Every structure is written in structure tokens, then in C-alpha cells.
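Asks: Once you've had a glance at the structure underneath, I'll fire off some questions.
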Amino acid sequence: MKLRGIELRRIGIPLVGPFRTSFGTQNDRDVLLLKAVTDDAEGWGECVAMAEPSYSPEVLASETAVLKDWFLPTLAGERGQAALGAHGAHAVTQLLHPFKGHRMAKAALEMAILDAELRAEGRSFGRELGGVRETVPSGVSVGIFDTIPQLLDVVGGYLAEGYVRIKLKIEPGWDIEPVRAVRERFGDDLLLQVDANTAYTLRDARHLAKLDDFDLLLIEQPLEEEDVVGHADLAKIVKTPICLDESIVSAQTAAAAIRLEACSIINIKPGRVGGYLESVKIHDLAQAHGLAVWCGGMLETGIGRAANMALASLPGFTLPGDVSASSRFFHTDITEPFVLEDGHIRVPTGPGLGVTPIPEILEEFTTSVEFIEL
Ligand code: OSB
Ligand code: MG
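Residue numbers (the numbering used here): 12 to 385.
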């Protein structure tokens, strides 16, 4: 495979409604899309970085800069093209290893090149990653609201649509009561979990232990990203299983968290950990240690959503992920929308991601586009 160039495209899509978390409120999704153009195919990648450094230090501006200044020139060089020619997308991690961090940019680049490679060979993402399921159970991430009645309405709506698992975003002042209200209204059989996005400290341990009354599947990332030891301490105080999101940025950090018993469940987000191939490594590691994993989301368009469905179809993804239908966030997706069928979403089976952006819609949402020839 010869990589001819990469298109960098920014798009802005309005959300169906505000999405409020402990770190802020989002009204639209500003996305960096990559298109890898090779000798024999085109492949798509989606960078999950957001505009502001509130979830991750990696943002749209930083990821665009490192791609242009460092990553693309490295792939374009003689050594880069030779390695891509010999090993395809599997060479990307090694080639970019000298560069620290910026995993969201690395993930997007690897994804685009892998998609191009698989499309040329007629193989699907799901097959390539080791998927074993045709459909994946669909969970939904529910934002913070001003009032509990509003929250109950929204959760009721999602359950009517068929979602099989509810995740409530929490923060200090919006935790025990909303969880109690949802549990009481929708019953003990509802699969329910919470996500704090680092909003608490270990001093809140006793308070968080009150969540133990509500039979939650897990509490996601209660403490700061770097406080892995704090999560290990917290896990001795609260009975609800601890799941890490922000703290897990690689298979290596996952191994450390597992060793420290800082979590018993991992949310795998390919952008956060540097790619789908690293995600498979974390899946394998977790499986070997008997931990459950599930696929997180970053308000992806149909492009990122397609790849996430493929990942979520691996055998160790034993909990429903934040792999919701396109309509959860968008009136109009840039691909054919992903839809719920009996609470599940079908994993694409076509070559590569199995979906492509619809040209007219892509144009409509595009705010800038640039082609970098290699
Ligand atoms: O913490 O899982 C998170 C969205 C943006 C950033 C962080 C998170 C989220 C979500 C939404 O919870 C997941 C989704 O895309 O459905
Ligand atoms: Mg999270």
C-alpha cells in the first residue's frame, strides 16, 4: 500500500439537544475527519478530540497541529512509506511511537489507513479486530438536567426506544437523588450505571458509598484522571464496581490499574488509548484478568460509530456500551444512520468500516477542508 495523501476535514453538526456533563455543556459536535488516500482505496478516520480541554488535554487544534507538523511528515518519509507498504496500518503505532501523547490523532490516522487497507482487501473492520457478534446491545449516556422530572422523562423516552442500559452523568449535587428517582421509577431490572467524569475526590468516599443502595452496574471515573491509587482506595470503601475511563490511556496504564485493583471494569475508547489496535490489546488483557470491558463513546458520527460497533462485537465486551443510535445525538448523521433494532445495533459487515459519508451531507456540515499530499 502506498499512502498518497490525507484529507483533513472539519465538520460541525448540531446536537439534538444540549449534552451536559460534570465538565460542561455541548450543543454541537465539531469533528476532525481524516480521509486516507492510497494507491487502491480511500479510508476514513474520525478524531474524537473536542474543542476544549475539559475531558482530555487533546483538543481539535492540538491534534490537527501534530498531524500536520509531525505525524504526516513521518509517514511520508522513506522509512514511513516502506513500513506502511510492508505492514499497512499495523506500522502506524511503531512509526509514531517516538512522539509522546496525542493518542486521539494517532488513533484517527491509524483508523483511516486501516479502513483504506481493509476496503482494498474486501475485509470488514469487525472481522479484522476479532468480532464475534452480528449485533451489539445498545446503551445510552444521559446528561445532567435541571430537575428530576425532566430526567425521568428523558430516561423514559430512551427506554421506550429500546435502549438496554442507562448511564446517568453525575456530579456533586446531582447524584444520589437522581439515581434513586430513576431506580424507583423504572424498577430493579433496569441496567443502570453512573459516570462522574472525575468530579469527586477521595474525601467524597462515604458520600459515593450511598450509591451502593441502588444496585448499579458500575461507577465510572469518580476521581481525577491521574488518581489511580485513589480509585484503588475508593474501591475498598464502595461496593459498587469501579470502572475507569479517563485514567486508562494505554494497555500499559490498564495493566497498572488492574494490578493496583483500581478498577474491576474498563471503558475502552479507541481515541483515548491511541487506536483500535491498542483497544484490542486492552480487551485481551482485561479478558485474561477476568475484567469486563465495554465500548465508550465520544459523540461520534457514523464513521466513528461504525468502528465502535466493530470493536464492541469482540467477545470480552460483556457489558452494553455507549454505542447508541445516530439519533441519540444527531438529527442528521453524515453516514446512513445507525438505528436501534430491539435494543441492539447491527455491526456493519461491508469492506472496511462498511459505511461512508454521504457526499451532500458531508459538504453541508463541512467548515474547512485541506488535502495534504505525501
Ligand atoms: O465520559 O463517557 C464519557 C461524551 C464525551 C466525553 C466523555 C464521555 C461522553 C459520554 C457520551 O458519556 C458517550 C456517547 O458518545 O454516547
Ligand atoms: Mg466516561
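No residue lacks a Cβ here, since even glycine has one placed at the ideal position from N, Cα and C. As the structure is a computational prediction, the values presented were derived from the model and not from experiment.
Classify valine 27 as buried or exposed, calling it buried when 16 or more other Cβ atoms lie within 10 Å of its own Cβ.
Replies: The residue in question, valine 27, is exposed, as its Cβ has fewer than 16 Cβ neighbours within 10 Å.
Asks: Going by the beta-carbon positions, is the gap between leucine 229 and glutamine 204 smaller than 8 Å?
Replies: It is a contact, given that the beta carbons lie within the stated cut-off.
Asks: Alpha carbon to alpha carbon, what distance is there between valine 358 and glycine 137?
Replies: Looking at the two C-alpha atoms, the distance is approximately 7 Å.
Asks: Apart from the five residues on each side of it in sequence, which residues of its chain come closer than 6 Å, Cβ to Cβ, to proline 25?
Replies: The residues are Asp39.
Asks: Between which two residues does the beta strand (DSSP E) carrying glycine 35 extend?
Replies: Residues 35–49.
Asks: Tell me, which residues are paired with threonine 32 by DSSP?
Replies: In DSSP, threonine 32 forms a bridge with Gly35.
Asks: Closer than 7 Å to a non-hydrogen atom of the ligand OSB - does that hold for the CB of leucine 310?
Replies: Yes, the Cβ of leucine 310 comes within 7 Å of a heavy atom of the ligand OSB.
Asks: State buried or exposed for threonine 390, treating a residue as buried only when at least 16 other CB atoms are found within 10 Å of its CB.
Replies: Nothing in the structure corresponds to residue 390, since the chain is present only between 12 and 385.
Asks: Whose C-beta lies closer than 7 Å to the C-beta of glutamate 182 among residues of the same chain, with five residues either side of it excluded?
Replies: Within the same chain, glutamate 182 has close Cβ partners Ser33, Ile155, Ala207, Ala210.
Asks: So the beta strand (DSSP E) valine 334 belongs to, where does it begin and stop?
Replies: That residue, valine 334, is in no beta strand (DSSP E); it is neither H nor E in DSSP.
Asks: Closer than 8 Å is the cut-off here; do at least three beta carbon pairs connect the stretch 40–49 with the stretch 208–227?
Replies: No: fewer than three Cβ pairs fall under 8 Å.
Asks: Mind checking which residues open and close the beta strand (DSSP E) that includes arginine 357?
Replies: Where arginine 357 is concerned, the enclosing beta strand (DSSP E) stretches over 355–357.
Asks: Are valine 143 and valine 153 closer than 8 Å when you measure CB to CB?
Replies: Taking 8 Å as the Cβ cut-off, valine 143 and valine 153 do not qualify as a contacting pair.
Asks: Enumerated in chain order, which unbroken segments of the alpha helix (DSSP H) with a length of 4 residues or greater are wholly contained in the stretch 250–326?
Replies: Counting whole runs of 4 or more residues, the stretch 250–326 contains the alpha helix (DSSP H) stretches 262–271, 281–284, 287–299, 313–323.
Asks: Tyrosine 66: beta carbon under 7 Å from a heavy atom of the ligand OSB?
Replies: True, at least one ligand heavy atom lies under 7 Å from that Cβ.
Asks: Going by CA-CA distance only, name the one from Thr329, Val334, Pro368, Met309 that's closest to phenylalanine 30.
Replies: Taking only the C-alpha atoms, the option nearest phenylalanine 30 is Met309.
Asks: Measuring only the C-alpha atoms, how far is arginine 214 from proline 362?
Replies: Rounded to the nearest angstrom, the two C-alpha atoms are 50 Å apart.
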